[in-house]
Each structure stands twice: as C-alpha cells, then as structure tokens.
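If you count the sequence shown from 1, position 107 lands on 107 in full-length UniProt numbering, and the numbers rise without skipping.
Glycine included, each C-beta is placed from N, C-alpha and C at the ideal position.
A quick note: this is a predicted structure, and the numbers were derived from the prediction, not measured.
What follows is a single structure, written as structure tokens, with notes after it.
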Amino acid sequence: HVLRFTGNMWRFSSRSHMLLDAQVLANLEVMTSEATGGETYSLVWLLKATKTAFGARLLKHWIAHPLLSKERIQDRHDAVEELTDSPAAAEPIAALLKGLPDLERAVARIHYGKCAPNELLALLQALNKVSSVAKEAAEMASSLSSSLLRSLIGDMPDLSDVIHAFLDEINHKAAQEAKGAGYDKKELLAGFTSSGEYPQIVELKEKVKEVDEEMRGHLYDIRRMLRIPDLEYKSVLTTHHLIEIPNTKIAMVPKDWTKINGTKTHARFHTPTVLDLVQKK
C-alpha cells in the first residue's frame, strides 16, 4: 500500500547529489574530526575559506551532499579554478562579503515576523551594497570563461530601485535606535513626518502629542493633590498610565478613581481623566 504513494518516490537518475547518512559523514570525518571531537581537522575545516555565515552553511551543505552529475562537477571545478587563477577579479566581491551581516538569517527573521527595525535597516543597507557591486560584476561577466560564474553574476537581477524605495520609506535614525521592545513604531516610517505625503497621519500625531501633554499636566495635578512630588505613571504588562499609591495614602484617593490592581504595599488606580485621555489616544 505504501508503494502506491508515488509522490514520495523518484528515479535514481533524477537525484542530483549523493545521500550520505550521519554515520558515513562521521566515519569520513566530513563535519567533525575524531581527533578533536569538533570541526577542527575535519574536511569542512580544511576547505572552509568563506567570508560569511550563510556562505559557510552553503559550503557545509555542498560537502555533505556531493554532486552526482559529471557536468555539474566540472562546471563547479572550472568556476573554482578561474577564481583561483584570477583572484583580482573576485577581490571587490570578497571584500563586500566580508562585511555583510547574515543575510539569510535576516530574511528568515523577516519571514517569521521576528525582525527588529534595526535588523531590517541593516539588511536593506547590505542589499544596497550587494546591488551596487553586482552591477560592476555584471559588466565583466562576459569576459569570464566559466559558464557557471557567468550565469551567477550575469543573471543577478537589479534590485537597486526596489531597495532604494524601501530605504527612502524608513526613518534611519529611529530604526537604528529601535533595537528592542518599547520603541515608537509611529516614528519608523519617514513619511510619518511629512505633512505633504501623509497629512492625516501627521494630524493624528499632533493630536497624540496634545493628549500626552494633557497626561503630563494631569500627573502634576495628582502630585500636588497627594503630596507625592516624584509620582510617575506606571505600566504593568499592557495596562499603562497607572497611578501607584502607597497603602498609607489610600485615604487621600478620591472615590471616583478606579482601582486596577495592587501589591502588598501599593494600590494602582486609573483616574476618570486618565480613562478619558486613553480613549482619545
């Protein structure tokens, strides 16, 4: 019955690489050396001269999955030979790669919604550098003798316009400072500060500023009323603008304040004004 699931079957001749199990890789010391117990002195260690983390991962994949096609093996050999014989031609690309962040990892983080704004900015800036070097490399592609190198370099799409469009939409300073939680997402897009491009958004931002000013003014009033000059708004999880009062001053709290939560020593409230301003914001 299992053999009827033809989608899980393929001809032996269609596979492009060898299938080496973990035991074979260990016996041949492909990934790790028996002498050191780590990568040192393994085949990967001997061959690795990569400039990037994603390049190192790709090399490991190639080594662990040797090609079966004679033509593809020859193409790869010719490409390596040309790069070895003419190192000057590859120097600009090698220099660029050495300073790149882990592009593969960054793209994966974007795909899964885990990328921070500063990571996105770094990725776009890196891709912009890659695009500029790729243009220069494409001009010399026709002079290369390796068909594999010609296709890799010559067929690279020009994404400079797309990359610049994204970079122009980002507020670089705000993105660089947004490394963790708590940053203002409204500041990340450059257009948010342009009244000509997004007038409604700018208008809403002004209203938010007005509410923030009212919040600060209300806090000063509460400080005077409760005689707590250093009182500040507190945030607990997703609840913000809490007034945290010591239990010793509970008697001074107006009856129209709403108790939200508390601790053994403090109680936290929302005032009617705070609730009204939160709704406006």
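- In this structure, L120 is the residue among T238, M140, M225, L120 with its C-alpha nearest to the C-alpha of N171.
- Contact check between the segment 128-146 and the segment 84-103: three or more CB pairs, one atom from each, fall below 8 Å, which counts as touching.
- Within its own chain, the residues whose Cβ lies closer than 7 Å to the Cβ of K281, once the five positions on either side in sequence are excluded, are V208, V211, listed in chain order.
- Straight across, the Cα-Cα distance linking H240 with T273 is about 14 Å.
- Taking C-beta atoms under 8 Å as the contact rule, L47 and I63 qualify, at a distance of about 7 Å.
- In terms of CA proximity to A137, L152 leads the group S147, L152, L123.
- Counting along the chain, the unbroken alpha helix (DSSP H) around Y220 starts and ends at 199-226.
- Under the 10 Å beta carbon count, E244 is surrounded by 16 or more other beta carbons and is classified as buried.
- Secondary-structure assignment with DSSP links A267 through a beta bridge to I245, G262.
- L28 sits in coil when the DSSP states are folded into three classes, being neither helix nor strand.
- The DSSP-derived three-state label of H65 is coil.
- By the Cβ-count criterion, P117 is buried, with 16 or more other Cβ atoms from all chains shown falling within 10 Å of its own Cβ.
- Each residue's CA atom was taken as its position, placing A35 and S147 some 40 Å apart.
- In the three-state reduction of the DSSP assignment, V253 falls in the coil class.
- If you ignore the 5 residues before and after R57, its C-beta comes within less than 8 Å of the C-beta of E104, all in its own chain and listed in chain order.
- For S235, the uninterrupted beta strand (DSSP E) segment begins and ends at 233-236.
- By DSSP's assignment, T239 forms a beta bridge with V236.
- Residue burial annotation: S142 is exposed, with fewer than 16 other C-beta atoms found within 10 angstroms of its C-beta.
- For D276, the enclosing alpha helix (DSSP H) has its first and last residue at 272-280.
- In terms of CA proximity to H164, L123 leads the group F269, L123, H61, N27.
- In the DSSP assignment, H17 is bridged to L67.
- When C-beta atoms of the segment 225-239 are compared with those of the segment 249-263, three or more pairs fall below 8 Å, so the two segments count as touching.
- In the structure shown, D158 falls within a coil segment according to DSSP collapsed to helix, strand and coil.
- According to the DSSP assignment, A134 belongs to the alpha helix (DSSP H) that extends over 117-139.
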